[in-house]
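Working notes for the structure below.
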Amino acid sequence: MKNYIKLFLGVFAITIISCEDVIDVDVQTDTIRLVVEASLDWEKGTTGNDQSITLRTSTPFFNTQNTAVIGAEVKVTNDTTGEVYLFIDQNNGTYTTSTFEPQVEVTYTLEIIYDGQRYIAQDTMNAVPDITQVYQDTEDGFDDEIIEVHVVFNDFEEEGDSYLFKYKRAQDLLPSFDVIDDDFINGNEVDRSYEIDDDEDSDIKALAPGDVVNITMHSISRPYYNYMDIVIDQMGGVGIFSATPVDVKGNCINTTNADNYAYGYFRVTQKNSVTYTVE
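481 is the number that our numbering gives the last residue of the sequence shown; the numbers go up by one with no jumps.
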């Protein structure tokens, strides 16, 4: 019996010692790049003068250091009038202006000068239709027991419109996004629905009475529609019917060194926002 106890203690001691070994895991790294968060969104019915742009750098996966970009030069130009809007460095990675004048059917150019590199991007602001109705039912989704929220609007008669929808509840960690174009709905009344399925792994619950859903509808350019269509596919994960993850490039071009492109996107949109409480 004593020999058995000694043998057990010996194995236990070896196990404890082996648990102290440090295992080095090689993590794939990539080039550190500028990350541009430049969404100039004009809420319909407001002046849209106050806008902000955030700049940071990408980091390795386990790096938690502050990556805010300070000291960059940031400006946006109205390509029609030539008016320039300077964005002031707030010394925390955010650059702001209170003088922006949004106009529909106008293209704007973003210029960033940072670390000896010049980045430019362009996008066009389009008018957004009014949201005419928001309601709920359980008839049109994949599950007739799950509540869907519907957003109704009238698409403009001109072809080429694209839209981005953002849905967010207070309890959701991340919003849900949806993009559509008017290739098959041009000039018609459009009814867009939003539905959430229960997901125990992500602790996500379906829409329930009392839930408050913040809904934002953006009118977006076709290039941004194409970009977000890919991004939304990537956000859905990889499955048998899912897209394969790819390096999604935005529209921020480095004119100093094309290989040192930036992540992110410069967009200018007009938007409508509504809040709906599920019954």
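We treat Cβ as the ideally placed atom computed from N, Cα and C, and that holds for glycine.
Since this is a predicted model, take the numbers as computed values, not measurements.
- Taking C-alpha positions only, L312 is separated from D374 by approximately 32 angstroms.
- Note that the C-beta distance between D380 and V480 is not below 7 angstroms.
- Taking the CA atoms as reference points, V286 sits about 22 angstroms from L236.
- By the criterion of a C-beta distance shorter than 8 angstroms, I348 is surrounded in its chain by T340, E397, I398, D399, A408 and L409, once the five residues flanking it on both sides are discounted.
- For Q267, DSSP assigns no beta-bridge partner whatsoever.
- A distance below 6 angstroms between beta-carbons, with the five flanking residues on each side excluded, links Y321 to the following residues of its chain, in chain order: I314, C454, N456 and A464.
- Rounded to the nearest angstrom, the Cβ distance from Q436 to V450 is 7 angstroms, consistent with a contact under 8 angstroms.
- Using a Cβ distance threshold of 7 angstroms, H420 and T458 do not count as a contacting pair.
- Per DSSP, V433 lies in no beta strand (DSSP E); the unbroken alpha helix (DSSP H) holding it starts and ends at R424 to M437.
- Judged by their CB atoms, Y365 and H352 are not nearer to each other than the 7 angstroms cut-off.
- Y478 has V415 as its beta-bridge partners, per DSSP.
- Take the alpha-carbon of E275 and the one of I255: they are about 11 angstroms apart.
- Short of 8 angstroms from the beta carbon of A329, and not among the five residues preceding or following it, lie these beta carbons of its own chain, in chain order: V306, E307, F358, S421 and Q472.
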